[in-house]
Amino acid sequence: MGLLDLFRRTPATANVAKERLRIIVAQERSSRGATDFLPLLRRELLEVIRKYVNVDPEAIQINLEKEGGHEVLELSVALPEKAGG
Amino acid sequence: MTEIIVVTSGKGGVGKTTTSASLACGLARGGKRVAVIDFDIGLRNLDLIMGCERRVVYDFVNVIQGDCSLKQALIKDKRIDSLFVLAASQTRDKDALNLDGVRKVLDDLIADGFDYIVCDSPAGIEKGAHLAMYFADRAIVVVNPEVSSVRDSDRILGLLSSKTHRAEQGNGNIKEHLLLTRYSPRRVTTGEMMSVADVKEILGIEVIGVIPESPDVLSASNAGTPVILNEQSDVASAYEDAVARLQGQTVPLRFVDEPKKGFLARIFGG
Chain A
1 MGLLDLFRRT PATANVAKER LRIIVAQERS SRGATDFLPL LRRELLEVIR KYVNVDPEAI
61 QINLEKEGGH EVLELSVALP EKAGG
Chain B
1 MTEIIVVTSG KGGVGKTTTS ASLACGLARG GKRVAVIDFD IGLRNLDLIM GCERRVVYDF
61 VNVIQGDCSL KQALIKDKRI DSLFVLAASQ TRDKDALNLD GVRKVLDDLI ADGFDYIVCD
121 SPAGIEKGAH LAMYFADRAI VVVNPEVSSV RDSDRILGLL SSKTHRAEQG NGNIKEHLLL
181 TRYSPRRVTT GEMMSVADVK EILGIEVIGV IPESPDVLSA SNAGTPVILN EQSDVASAYE
241 DAVARLQGQT VPLRFVDEPK KGFLARIFGG
């Protein structure tokens with residue numbers, strides 16, 4: 001670093017880059033692979049359920065959550081109100 | 001025994017083709033038989049970097065479609081006897097490459113006794129990139145010490161560990177290495193650029209080479225001479241080291257520290 005550099009010094013941002021990457025990479029790694037099948041699972045479940053009950057495509061919610069050492073697959077299906085029996 | 005090496009990155013413009021050309025040259029110069037294949041269908045460029053663009057008659061897709069034999073399509077390098085280039089096709093048909101076609105070409109190269117097949121991947125995570133990595137034994141992930149490149153590299157590492165033949169067959173992992181390009185020790189010292197150690201820590205895989213930022217890379221591509229052949233260049237030495245490490249040698253990293261400056265340089269910078 002020469003004297004002249006003092007007047008045109010660029011800020012030291014490498015640490016910021018490293019921190020941001022550490023967080024985003026960890027986040028993306030934790031969701032890697034596992035969630036890939038969720039949309040397909042949702043579609044196939046919908047098809048099966050629709051054989052018996054006519055549910056809305058939006059009525060199925062699927063969620064995968066990490067809790068400590070294990071993962072919980074949460075599935076909720078809102079059945080339509082009974083129409084006329 | 002043939003080793004298939006994919007040079008990949010996710011992000012474009014980080015130096016995949018420069019790296020493929022130089023590694024292939026370096027391996028071939030050491031006496032190995034090497035084929036380097038451009039997987040960037042529609043955006044052929046390896047031929048320019050290798051300086052053989054005017055000798056492309058048949059390409060990768062021609063071989064797959066049976067328009068010519070593999071031998072006819074392999075372009076023999078004029079500088080190194082044991083080095084061959086297979087150019088990408090300029091077709092706009094995205095489906096011109098397919099898994100069976102690629103498998104057949106690689107099998108034929110293996111049967112022909114090639115020691116190394118270097119697959120130059122296109123950018124992105126689409127079909128071309130998938131096919132380039134699918135049959136690989138080893139992957140070189142080219143990365144710039146910069147946020148988007150590092151993040152994309154991590155994405156590619158995820159694909160390497162799940163969407164490849166080895167991963168699908170449970171046939172052992174692909175050996176993965178990082179190769180940093182456009183590295184500026186000066187900017188690392190001033191805290192403007194992430195260091196080798198930073199990138200290695202974030203991605204968690206071993207570094208096979210660090211290529212310093214240099215105008216020599218542009219001159220080499222202007223001339224169509226892979227930069228590893230420019231004996232005067234630090235870039236060439238850095239690629240030579242990577243070639244040695246690829247073949248199992250232990251070579252310390254060079255060009256990662258700022259060179260010591262003389263008195264005048266210290267006063268006036270530069």
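Those protein sequences? They're chains A and B, same order as listed.
Under this note's numbering, the first residue of the first sequence carries the number 1, and numbering increases by one thereafter.
Under this note's numbering, the first residue of the second sequence carries the number 1, and numbering increases by one thereafter.
All C-beta atoms, glycine included, are put in the ideal place defined by N, C-alpha and C.
Asked, Found
"For D38 of chain B, does the three-state DSSP call read helix, strand or coil?", "strand"
"Please classify Y116 of chain B: is it buried, with 16 or more other beta-carbons within 10 angstroms of its beta-carbon, or exposed?", "buried"
"Which residues in the same chain have their Cβ closer than 7 angstroms to the Cβ of G158 of chain B, if we skip the five residues on either side of it in sequence?", "none"
"For T8 of chain B, name the three-state secondary structure that DSSP assigns.", "strand"
"Quick one: give me the first and last residue of the alpha helix (DSSP H) that L131 of chain B is part of.", "127-134"
"Quick one: does R33 of chain B have its CB under 8 angstroms from some CB of chain C?", "The question asks about chain C, but that chain is absent: this structure's protein chains are A and B."
"Could you tell me which whole alpha helix (DSSP H) segments of length 4 or greater appear in the stretch 44-74 of chain B?", "46-50, 60-64, 70-73"
"Whose C-alpha, out of A:R43, A:K66, A:I24, A:P80, is nearest the C-alpha of S153 of chain B?", "A:I24"
"Is V150 of chain B close to chain A, meaning its C-beta is less than 8 angstroms from at least one C-beta of that chain?", "yes"
"Shorter than 8 angstroms from the beta carbon of I156 of chain B to some beta carbon of chain A?", "no"
"In this structure, how does DSSP classify G69 of chain A when only helix, strand and coil are distinguished?", "coil"
"Just the Cα atoms here: how many angstroms apart are A96 of chain B and V61 of chain B?", "6 angstroms"
"So which residues on chain A does K202 of chain B lean against when the C-beta distance must stay under 8 angstroms?", "It should be pointed out that residue 202 of chain B corresponds to Ile in this sequence rather than to Lys. The contacting residues are K18, L21, R22, V25."
"Say whether chain B places a C-beta atom closer than 8 angstroms to the C-beta of E71 of chain A.", "no"
"Out of B:T17, B:E3, B:T2, state which residue places its alpha-carbon closest to the alpha-carbon of V143 of chain B.", "B:T17"
"Are the beta-carbon atoms belonging to G31 of chain B and S82 of chain B less than 8 angstroms from one another?", "yes"
"Name the chain A residues that come within less than 8 angstroms of T164 of chain B, Cβ to Cβ?", "By Cβ distance, chain A contributes nothing, its closest Cβ being about 14 angstroms from T164 of chain B, past 8 angstroms."
"Alpha carbon to alpha carbon, what distance is there between I208 of chain B and G248 of chain B?", "10 angstroms"
"Which residues of chain B have a Cβ atom closer than 8 angstroms to the Cβ of A12 of chain A, listed in chain order?", "T190, G191, E192"
"Roughly how many whole angstroms lie between the Cα atoms of A197 of chain B and R245 of chain B?", "18 angstroms"
"Let me make sure I understand the geometry here. Which of B:A167, B:V147, B:V256 has the alpha-carbon closest to that of A103 of chain A?", "One cannot answer for residue 103 of chain A here, as it falls past the ends of chain A, which runs 1 to 85."
"First and last residue of the alpha helix (DSSP H) that includes P185 of chain B?", "185-189"
"Thinking C-beta only, is S162 of chain B closer than 8 angstroms to V7 of chain B?", "no"
"Would you call V141 of chain B buried or exposed, if buried means 16 or more other Cβ atoms sit within 10 Å of its Cβ?", "buried"
"Just curious, the beta strand (DSSP E) that G26 of chain B is in, first and last residue?", "It is not in any beta strand (DSSP E) - G26 of chain B instead sits in the alpha helix (DSSP H) that spans 16-29."
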